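A.B. asks:
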Amino acid sequence: MFDYKLLAALAAVIEQGGFERAAQVLGLSQSAISQRIKLLEARVGQPVLVRATPPSPTEVGRQLLNHVQQVRLLERDLQRQVPALDEEGIPERLRIALNADSLATWWAVAVGPFCAEQQVLLDLVVEDQEVGLKRMRAGEVAACLCGSERPVAGARSLPLGSMRYRALASPAFMARYFPQGFAVERLARAPAVVFGPDDFLQHRYLASLGVQEGFLHHLCPSSEGFMRMTEAGLGWGLVPERQVTKQLARGELVEICADTPIDVPLYWHHWRNGGQLLAQLTEHLRHSARDWLVPL
Numbered sequence: 001m002f003d004y005k006l007l008a009a010l011a012a013v014i015e016q017g018g019f020e021r022a023a024q025v026l027g028l029s030q031s032a033i034s035q036r037i038k039l040l041e042a043r044v045g046q047p048v049l050v051r052a053t054p055p056s057p058t059e060v061g062r063q064l065l066n067h068v069q070q071v072r073l074l075e076r077d078l079q080r081q082v083p084a085l086d087e088e089g090i091p092e093r094l095r096i097a098l099n100a101d102s103l104a105t106w107w108a109v110a111v112g113p114f115c116a117e118q119q120v121l122l123d124l125v126v127e128d129q130e131v132g133l134k135r136m137r138a139g140e141v142a143a144c145l146c147g148s149e150r151p152v153a154g155a156r157s158l159p160l161g162s163m164r165y166r167a168l169a170s171p172a173f174m175a176r177y178f179p180q181g182f183a184v185e186r187l188a189r190a191p192a193v194v195f196g197p198d199d200f201l202q203h204r205y206l207a208s209l210g211v212q213e214g215f216l217h218h219l220c221p222s223s224e225g226f227m228r229m230t231e232a233g234l235g236w237g238l239v240p241e242r243q244v245t246k247q248l249a250r251g252e253l254v255e256i257c258a259d260t261p262i263d264v265p266l267y268w269h270h271w272r273n274g275g276q277l278l279a280q281l282t283e284h285l286r287h288s289a290r291d292w293l294v295p296l
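Sequence positions in the sequence shown follow the UniProt record's numbering and run 1 to 296.
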């Protein structure tokens, strides 16, 4: 039989990125959290944490975290059927991994009505669309919005649609690097803005134009900062089409190579045994995403 106080301590340490913040969230001392983790490890007979900064789960730790995520959601279903069990009446928190561009564009408007109706609080973990699924694999989140189609074991994958990106730059940047007009052979020497080391969207775009060599680029792991750097003429970047309607209309940004968008498919991953709340959110996203994403 699991001792869920011990599992809650493990989940808090991973979700909060350390023992001190986990203790604050659970209203315990740091030493009490440490003792609960040690007791959990004694019961399972092996370590559940890699004690680094921040801590990360071991393989058995991941399995326990997966279990905790699903139990939390199933408990909510039971509390709705038997209200007396919900002694504190605290809204459910859903921990979800998603890509920064979705968060900066359509996500909030799409899920806002659902969260208000269901009294749900979101705990969002921002990851690039190429790697967000690792959070589910580690048992850290209940669901994930990312660019990977294949689900992890015990989860389902639902295609929502594609985000359309356009390669944009400021007029000043174009005048500096392409004074005679756009030329593919000059593109690798004109600096790009890349979200992070796991972001290969620019590589895909360049390859679609026949550019296979390396290219100059800035790294900027912020969706807002990415936009500011592009607008300021530091580099060209692939920006969600919906994020730049006004800038394009005002001529503040221009497409570096006319009518060459690139679409990035997005998939919603959720645990099969995630309970009614996760199933309802999945159904809500199935319909609401149609208003914001390009059909696959």
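Backbone N, C-alpha and C define an ideal beta-carbon position, used for all residues, glycine too.
Computed from a predicted model, the values in this text were never measured in an experiment.
1. Please confirm whether E92 and V120 have their CB atoms less than 8 Å apart.
2. My assumption, with CB atoms under 8 Å, is that T58 sits in contact with V68. Please give the rounded CB distance.
3. Can you list, in chain order, the residues of its chain whose CB lies under 7 Å from that of E20, leaving out five sequence neighbours each side?
4. In whole angstroms, what is the alpha-carbon distance linking L94 and N66?
5. With a CB to CB cut of under 7 Å and the five nearest residues on each side skipped, what residues in its chain are close to T105?
6. Could you name the residues of the same chain whose beta carbon sits closer than 8 Å to that of R186, not counting the 5 residues immediately before and after it, in chain order?
7. Does the distance from the C-beta atom of A142 to that of G18 stay below 8 Å?
8. Could you say which of M163, A138, L133 lies nearest to R150 if we only look at CA atoms?
9. Are R164 and D101 closer than 8 Å when you measure CB to CB?
10. Report the partner residues of Y165 according to the DSSP bridge assignment.
11. Is the beta carbon of R36 less than 8 Å from the beta carbon of A9?
12. If we count the other Cβ atoms within 10 Å of its Cβ and call it buried at 16 or more, is residue 299 buried or exposed?
13. Taking only runs of the alpha helix (DSSP H) that begin and end inside the region 95-157, which ones reach a length of at least 4 residues, in chain order?
14. Mind listing, in chain order, the continuous beta strand (DSSP E) runs of no fewer than 3 residues lying wholly within the region 9-85?
15. Does the region 199-218 come into contact with the region 250-270, if we say contact requires no fewer than three beta-carbon pairs (one atom in each stretch) closer than 8 Å?
16. Using beta-carbon positions only, say whether W271 and A155 come within less than 8 Å of one another.
17. Just reading off the alpha helix (DSSP H) that A207 is part of, what are its end residues?
18. According to the neighbour-count rule (16 or more other Cβ atoms, all chains shown, within 10 Å of its Cβ), is R228 buried or exposed?
19. Taking the beta strand (DSSP E) that A192 belongs to, which residues open and close that run?
20. Note down the Cα distance separating A175 from G181, rounded to an integer number of angstroms.
21. Between which two residues does the alpha helix (DSSP H) containing L248 stretch?
22. Tell me whether V294 sits in a helix, a strand or coil according to DSSP, three-state version.
C.D. replies: Let me lay it out:
1. Against a cut-off of 8 Å, the Cβ pair of V120 and E92 comes out as a contact.
2. Not a contact, Cβ separation roughly 15 Å.
3. Cβ neighbours of E20 beyond the five flanking positions: Q30.
4. Rounded to whole angstroms, L94 to N66 spans 13 Å at the Cα level.
5. The beta carbon of T105 is closer than 7 Å to those of P240, R242, Q243 in its chain, skipping five residues each way along the sequence.
6. Within the same chain, R186 has close Cβ partners Y177, F178.
7. No, Cβ-Cβ distance for A142 and G18 is not below 8 Å.
8. Of the candidates M163, A138, L133, the one whose C-alpha sits nearest the C-alpha of R150 is L133.
9. Between R164 and D101, the CB-CB gap reaches or exceeds 8 Å.
10. Bridge partners of Y165: P240, I262.
11. Taking 8 Å as the Cβ cut-off, R36 and A9 qualify as a contacting pair.
12. No answer is possible for residue 299: it lies beyond the span of the chain, which begins at 1 and ends at 296.
13. As far as the region 95-157 is concerned, its whole alpha helix (DSSP H) runs of at least 4 residues are 100-104, 107-118, 133-137.
14. Those beta strand (DSSP E) runs which fall completely within the region 9-85 and span 3+ residues do not exist here.
15. Verdict: yes, contact present.
16. Contact flag set, yes.
17. Looking at the DSSP string, the run of the alpha helix (DSSP H) that includes A207 is 201-208.
18. Under a 10 Å Cβ-count criterion, R228 is classified as exposed, with fewer than 16 other Cβ atoms of the shown protein chains found around its own Cβ.
19. Note, A192: beta strand (DSSP E), 192-194.
20. Distance from the CA atom of A175 to the CA atom of G181, rounded to whole angstroms, is 8 Å.
21. It spans 245-250 - the alpha helix (DSSP H) in which L248 sits, taken as one unbroken run.
22. The DSSP-derived three-state label of V294 is strand.
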